[in-house]
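Going down the list, the sequences are from chains E, Y and B.
Just so it is clear: in the first sequence, position 342 is 341 by numbering that gives the first Met the number 0, and no numbers are missing.
Just so it is clear: in the second sequence, position 318 is 317 by numbering that gives the first Met the number 0, and no numbers are missing.
Just so it is clear: in the third sequence, position 87 is 86 by numbering that gives the first Met the number 0, and no numbers are missing.
Using N, Cα and C, we set each Cβ at its ideal position, and we do this for glycine too.
Quick caveat: nothing in here was measured; it's all calculated off a predicted structure.
One structure below.
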Amino acid sequence: MVKKHKQYLSFQWCNKRKEGLYMSKKFIILILIIGGLMCLDKAIGKESSFPTKPIELVCPYGAGGSTSMGTRIIAGTLSELLGVPVIVNNKPGAGGSIGAAYVAKSKSDGYTLFVFNSGSNGVTPAIRSVEYKNADFELFGQYAIQTLAMVVKNDAPWKSLEELVIYAKKNPGTLKYATSGIGTSAHFGMELFKSAAEGLKIDHVPFKSGPEYIAALLGGHVHMGILFLVDIKGPVEAGKLRILATATEKRLEDYPDIPTFSELGYPEVKLTAWYGIAAPNGVPKEISDKLKDALYKTFRHPEVKKMLIHIGYVPVFRDAEQFKKFVSEEEKKFQKIAKEANIRVD
Amino acid sequence: MDIFSHLIYGFQVVLEPINFLYCFVGVFIGTLIGVLPGIGPVGAMSILLPSTFGVSPVTGVIMLAGIYYGAMYGGSTTSILVNIPGEAASVVTCLDGYQMARQGRAGPALGISAMGSFIGGTFSIIALMFLVYPLAEIALKFGPPEYFSLMCLGMTIVAYLVKGSLIKAVIMAIIGLTLGCIGTDLISGKLRFVFGVSQLSDGINIVPLAMGLFGISEVLTNIEKPLKRMIYETKIRHILPNLEDWKKSLGPIARGSIIGFFLGILPGGGSILSSFVSYSTEKRISKHPEEFGRGAIEGVAGPETANNAATGGAFVPLLALGIPPNVIMALLLGALLIHGVAPGPMLIIKHPDVFWGTIASMYVGNAMLLLLNLPLIGIWVKLLKVPYRILFPLILLFTLIGAYSINNSTFDIFLMIFFGIVGYLLRKFEYEEAPLLLAFILGPMLEQAFRQSLIMSNGKLSIFFVRPISLGALILSIALFISTGITVFRKARKEVIKYGQKT
Amino acid sequence: MKKNDLIPAIIWIILGIAVAIGSYRLKLGNLANPGPGLMPFLLGIALLVCSFPVLIHSFLKMMRKTEQEEKIIWSEIDFKKLVIVLTSLIGYAVILEKIGFVTTTFLLLSILFKTVDSQKWFSVLIASILTVIITYFLFVVILKVELPSGFLGRIV
Chain E
0 MVKKHKQYLS FQWCNKRKEG LYMSKKFIIL ILIIGGLMCL DKAIGKESSF PTKPIELVCP
60 YGAGGSTSMG TRIIAGTLSE LLGVPVIVNN KPGAGGSIGA AYVAKSKSDG YTLFVFNSGS
120 NGVTPAIRSV EYKNADFELF GQYAIQTLAM VVKNDAPWKS LEELVIYAKK NPGTLKYATS
180 GIGTSAHFGM ELFKSAAEGL KIDHVPFKSG PEYIAALLGG HVHMGILFLV DIKGPVEAGK
240 LRILATATEK RLEDYPDIPT FSELGYPEVK LTAWYGIAAP NGVPKEISDK LKDALYKTFR
300 HPEVKKMLIH IGYVPVFRDA EQFKKFVSEE EKKFQKIAKE ANIRVD
Chain Y
0 MDIFSHLIYG FQVVLEPINF LYCFVGVFIG TLIGVLPGIG PVGAMSILLP STFGVSPVTG
60 VIMLAGIYYG AMYGGSTTSI LVNIPGEAAS VVTCLDGYQM ARQGRAGPAL GISAMGSFIG
120 GTFSIIALMF LVYPLAEIAL KFGPPEYFSL MCLGMTIVAY LVKGSLIKAV IMAIIGLTLG
180 CIGTDLISGK LRFVFGVSQL SDGINIVPLA MGLFGISEVL TNIEKPLKRM IYETKIRHIL
240 PNLEDWKKSL GPIARGSIIG FFLGILPGGG SILSSFVSYS TEKRISKHPE EFGRGAIEGV
300 AGPETANNAA TGGAFVPLLA LGIPPNVIMA LLLGALLIHG VAPGPMLIIK HPDVFWGTIA
360 SMYVGNAMLL LLNLPLIGIW VKLLKVPYRI LFPLILLFTL IGAYSINNST FDIFLMIFFG
420 IVGYLLRKFE YEEAPLLLAF ILGPMLEQAF RQSLIMSNGK LSIFFVRPIS LGALILSIAL
480 FISTGITVFR KARKEVIKYG QKT
Chain B
0 MKKNDLIPAI IWIILGIAVA IGSYRLKLGN LANPGPGLMP FLLGIALLVC SFPVLIHSFL
60 KMMRKTEQEE KIIWSEIDFK KLVIVLTSLI GYAVILEKIG FVTTTFLLLS ILFKTVDSQK
120 WFSVLIASIL TVIITYFLFV VILKVELPSG FLGRIV
């Protein structure tokens, strides 16, 4: 495009030979202006210590969602610690794979960070072909998980998981469960449960978003779901939904009376969504050490943890090494579930 | 009355200096965002979210809510001035609002739009106050079968959107439905018509589609002829609507308020659907339906009122059940949660200042918006006098930025340009874009609801007829369909007779 | 409708067939259990069916051969202008992320201000710079929108 512009210019210049002097002055001014603007684009910072300019934190989900809000909480504190703005860049789409692919291809200079999570880096690669591998990322640590729980409507006839299972076995095909789509944690969670309970026949009704499936649950149009706590917290507090079991290691702090799936005899049903920060592979050691230091402080900061809890996360801290190990185990788990339930998108 | 004392308390909350300030900032930014095409309230709200961390929850919510309805107010401005929908809900305003502008009546269009928005917004707040809880219960009764039938009803509206040939409108609708199929199929998870382009796997975004079809094609149509001949503004007749305009608009505004409020309650429905329904209702009821699409002020008054009334309706499920009916409300919910305030039935008891403060801030916000927008009309109208050769590069630039900012991706810009070319060609061959857009919006919801219902009923189609709300909506759709069919049939017969007489 | 309607009608027919074939490959299922391909398949068929009246109508018009009805819609069109505008828009999208918002916008505006109607070079450049500054201020500073800053670095 620049070439075409300059060609056009010189064409004019040739044709207006009479105004020769006039035109060439204009030409010089134009060059100066373009050059000046390009310099404007350049950062002032020389090679002083990292960071010298704003950092981009890519969130592979849309601006309205809980992941994005959690990201902004992290970005706020991180920014204070590093002394430069940490700008959240939402690059949503394709189950998080668009944002992930973007980061995987970015420069590993430490100025591009990524919310490495169980969606874009766990579930999605298990059900469709993507343009990146988890090995393309250097993991810095984990800050939170979201837990899943089995909910039914408050006035449903099943007061416990067992009653539900008995009913389901007696009436195959009558019960329906809701999720926010194929290949989501909610979907995976229920499929895990169905196979753990030896083949329950409960039909899957996908919805497009959280509000829709919550409304469907509350309205009695579907019977149950294994859903994110953050989405169901409101109605549960209001007494409209009842939690039958949680898909976690231990009982939840907020709901100490509710058993886990393991306690009820389904130890395989343990699923969380996890969230951490990563960067493209190859960040120089001094920079990655600095980042890790700031990130660990952020993840452990009491204010940050409080705000994360408010929007429904459970703050869980794993440092870089622990996170890496955890992720490789989770990867295998997701692959297994996808294969056994035959979930594949393309 | 108890409610009024609560309301007075709410006003006291709002009128505290910091809340008042934040309210103003919110509506101001909201208007700005609404006017600029493509950039929606979600982006701004999420960026400004951190700045609410340091203040009390009431203050934060007041500002964010202000952004929301500020955007609804501002969205109609570009629709009227340059035929670019400021956001999806203002698409319908383009149909008649822009025509009014071309006839020199941009002022009245903007004026009626602002007043209608104010009345619609205020009405919905009042209705919200009294009806929050009972309405929420009713809204829950809408499950997939009800949505399907509602969407069927919505599709019959297509016939009322066009001023020209009906068969061409149907073709446009079919294409719109097909475009809606591109992306990930919700029920099976499979990718449809994506051709390996990952940016398409979530479907075509409505913003580049609308901006391209309406805005870019409009610009292209205008510049194809030598610009000296562009008679954009002959004479500005009035700056404000006159008595005649008011008389015509009263009915549409009243109906639009009701339509908008109730449709806004349904999750997923919202302001877009309400503006379309209002438009077609007015056209159906009108004694001069042929004026629609050519500058009928009812076609601006109704939809603009409806989409603002829908914002009030959207608060119903949020405040009553803790369920946000759309992305914007979800953000508000998040903001509340971050501050430790859980919406739902407990809200009014545990945090009355938040509840009533928010409601009172809606009144204040609406009033502020009216005061802000009315004087702006004079400025906008003057803006139209700027020669087109200077204006159109700016228009294009803003749409480019708007398109980019949706996903921070240039792909959306390409999409918008593509649809701009398509829209331009369609206009050349006299196909109208509105039915395409409506079908594009409703199509996926229709198909989704249909298949979800069948899963619920294990394949039995009877589910649509057994449930009363669904049955009602279906009967209405069939009735409308037949009535439109009769009109078409009569017209076609006349044409055939004419043809026979000629040969 | 004019005889030019023939072209769109043919396009619809081709499109309808293409959609129907494409969706056949996705599973159709049946009415009680629809697959992902059912809806687009029906749409493709519907498009095909609806294009026939248009086709027939345009044939009829063609055969009537009334002179005044052949309003030429492609006359008096300044193709050069359209092509330049479209090319520059597309070019904008192509180089935006590589060269950065400020420079690309400046180039675009210069082309648009200059090409579409003869103006003096100087005022074009001034107008372009001013616009870039104002829009930058508006979008990046006030609204904090993310605009790309190109390979030469970032602007805060």
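Taking all protein chains shown into account, decide if residue i is buried (16 or more other Cβ within 10 angstroms of its Cβ) or exposed.
{"i": "Ala478 (chain Y)", "result": "exposed"}
{"i": "Tyr142 (chain E)", "result": "buried"}
{"i": "Gly401 (chain Y)", "result": "buried"}
{"i": "Gly499 (chain Y)", "result": "exposed"}
{"i": "His287 (chain Y)", "result": "exposed"}
{"i": "Arg24 (chain B)", "result": "exposed"}
{"i": "Met62 (chain B)", "result": "exposed"}
{"i": "Val12 (chain Y)", "result": "buried"}
{"i": "Thr86 (chain B)", "result": "exposed"}
{"i": "Thr486 (chain Y)", "result": "exposed"}
{"i": "Gly503 (chain Y)", "result": "Absent from the structure is residue 503 (chain Y), since the part of chain Y shown begins at 0 and ends at 502."}
Among residues of its own chain, excluding the 5 on either side of residue i, which ones have a beta-carbon nearer than 6 Å to its beta-carbon?
{"i": "Val268 (chain E)", "result": "Leu191, Phe192, Ala195, Ala246, Phe260"}
{"i": "Ala305 (chain Y)", "result": "Gly255, Ile258, Gly259, Ser273, Ser274, Ser277"}
{"i": "Ile295 (chain Y)", "result": "Per the sequence shown, residue 295 (chain Y) should be read as Ala rather than Ile. Here the set comprises Asp95."}
{"i": "Thr114 (chain B)", "result": "Ile83"}
{"i": "Ala126 (chain B)", "result": "Phe112"}
Given this structure, state the Cα-to-Cα distance separating residue i from residue j, to the nearest angstrom.
{"i": "Pro314 (chain E)", "j": "Ser216 (chain Y)", "result": "50 Å"}
{"i": "Ser110 (chain Y)", "j": "Val91 (chain Y)", "result": "The sequence shown places Gly at residue 110 (chain Y), not Ser. The alpha-carbon atoms of Gly110 (chain Y) and Val91 (chain Y) are separated by roughly 17 Å."}
{"i": "Ile389 (chain Y)", "j": "Arg104 (chain Y)", "result": "22 Å"}
{"i": "Pro171 (chain E)", "j": "Ala168 (chain Y)", "result": "45 Å"}
{"i": "Gly180 (chain E)", "j": "Leu242 (chain Y)", "result": "52 Å"}
{"i": "Gly298 (chain Y)", "j": "Lys247 (chain Y)", "result": "10 Å"}
{"i": "Tyr8 (chain Y)", "j": "Ser360 (chain Y)", "result": "11 Å"}
{"i": "Thr280 (chain Y)", "j": "Pro386 (chain Y)", "result": "37 Å"}
{"i": "Thr173 (chain E)", "j": "Val151 (chain E)", "result": "15 Å"}
{"i": "Thr134 (chain B)", "j": "Pro36 (chain Y)", "result": "13 Å"}
{"i": "Val82 (chain B)", "j": "Ala278 (chain E)", "result": "42 Å"}
{"i": "Ala185 (chain E)", "j": "Leu270 (chain E)", "result": "9 Å"}
{"i": "Ser461 (chain Y)", "j": "Phe449 (chain Y)", "result": "12 Å"}
{"i": "Asp4 (chain B)", "j": "Gly263 (chain Y)", "result": "40 Å"}
{"i": "Ile72 (chain E)", "j": "Leu165 (chain Y)", "result": "52 Å"}
{"i": "Gly115 (chain Y)", "j": "Glu303 (chain Y)", "result": "6 Å"}
Taking Cβ-Cβ distances shorter than 8 Å, what residues in chain E pair up with residue i?
{"i": "Leu124 (chain B)", "result": "Ile28, Leu29, Ile32"}
For a contact defined as C-beta to C-beta under 7 Å, what are the partners of residue i on chain B?
{"i": "Thr409 (chain Y)", "result": "Ala92, Leu95, Glu96"}
{"i": "Phe354 (chain Y)", "result": "Simply none; closest approach about 30 Å."}
Taking C-beta pairs closer than 8 Å, name the residues in chain B that residue i reaches, listed in chain order.
{"i": "Lys25 (chain E)", "result": "Trp120, Phe121"}
{"i": "Pro351 (chain Y)", "result": "By Cβ distance, chain B contributes nothing, its closest Cβ being about 33 Å from Pro351 (chain Y), past 8 Å."}
{"i": "Glu86 (chain Y)", "result": "Here the premise fails: no neighbours, minimum Cβ distance about 15 Å."}
Leaving aside the five residues before and after residue i along the sequence, list all residues of the same chain whose C-beta is less than 7 Å from its C-beta, in chain order.
{"i": "Ile310 (chain E)", "result": "Ser65, Met68, Gly69, Val229"}
{"i": "Leu199 (chain Y)", "result": "Ile181, Gly182, Val193"}
{"i": "Phe488 (chain Y)", "result": "none"}
{"i": "His4 (chain E)", "result": "Residue placement at His4 (chain E) cannot be trusted, given a pLDDT of 49 that sits under 50; the coordinates are not used to answer."}
For residue i, go through chain Y and note every residue whose CB falls closer than 8 Å to its CB, in chain order.
{"i": "Lys90 (chain E)", "result": "Asn406, Asn407, Ser408"}
Below 8 Å CB to CB, which residues in the same chain sit around residue i once its five sequence neighbours on both sides are set aside?
{"i": "Tyr21 (chain Y)", "result": "Val54, Thr58, Gly59, Ile61, Met62, Gly65"}
{"i": "Ile20 (chain B)", "result": "Gly43"}
{"i": "Met229 (chain Y)", "result": "Note that Met229 (chain Y) scores a pLDDT of 45, beneath 50, so its modelled location is shaky; the value from the coordinates is reported in the next line. Excluding residues within five positions, the ones whose Cβ falls inside 8 Å are Asn221, Tyr387."}
{"i": "Gln451 (chain Y)", "result": "Pro143, Ile186"}
Would you mind telling me which residues of chain Y sit closer than 9 Å to residue i, beta carbon to beta carbon, in chain order?
{"i": "Asp202 (chain E)", "result": "Ile454, Met455, Asn457"}
{"i": "Lys60 (chain B)", "result": "In chain order: nothing, as chain Y lies at least about 10 Å away."}
Which residues in chain C sit within 9 Å of residue i, going by Cβ to Cβ distance?
{"i": "Phe112 (chain B)", "result": "Structure shown: chain C not included; protein chains present are E, Y and B."}
Taking residue i as the query, report the chain Y residues whose CB atoms sit under 7 Å from its CB, ordered along the chain.
{"i": "Leu217 (chain E)", "result": "Leu139, Leu320"}
Against chain B, which members of the stretch 15-28 of chain Y pass a CB distance test of less than 8 Å?
Ile28
Which residues, in chain order, does the stretch 170-184 of chain Y contribute to contact with chain B at a C-beta distance below 8 Å?
Ile170, Ile173, Ile174, Leu176, Thr177, Cys180, Asp184
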